[in-house]
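Residue numbers (our numbering): 10 to 160. First the structure, in the form of structure tokens, and then the observations on it.
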């Protein structure tokens, strides 16, 4: 019985006491605009992205989340912008986010109306700083400064 309890504790610890891994995609259209989505949970704009599912790699997650949230196709990952791991970065859970810049194409449309209320391509000068979800403002500022960050 002791070994079973030890195993159960280990599994519960992995599930509930370790951060989850996710991605943020900075989708760049051919004309240089960046696509953001408006989240229903907080009403703020944010980068498309989400949690890595069991059996997925980060690239596959980025492609899937981008398509699910924006209807866009990920053509090429251009660079790693950063790895963001602050326990305060997402008020829902402790998550580690890998932010990627990506070349994308396609027509904008929301596939997940439960999670998102709007989608828009922004000129760099029109990004709604001050109204971005989670730590996406920091991710975009790091991107615009051409930084690669471990935070």
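Ideal placement from N, C-alpha and C gives every residue a C-beta, glycine not left out. No experiment lies behind these values; they were computed from the predicted model shown.
Query: Assumed close pair residue 145, residue 56 - CB separation to whole angstroms, cut-off 8 Å; Result: 5 Å
Query: Residue ranges of each beta strand (DSSP E) within the region 45-74, 3 or longer; Result: 58-60
Query: Euclidean distance between Cα positions of residue 13 and residue 94; Result: 32 Å
Query: Counted within 10 angstroms of its Cβ, other Cβ atoms place residue 101 as buried (16 or more) or exposed; Result: exposed
Query: Test item: CB-CB of residue 104 and residue 29 under 9 Å; Result: yes
Query: CA nearest to the CA of residue 36, picked from 27, 50, 51, 58; Result: 58
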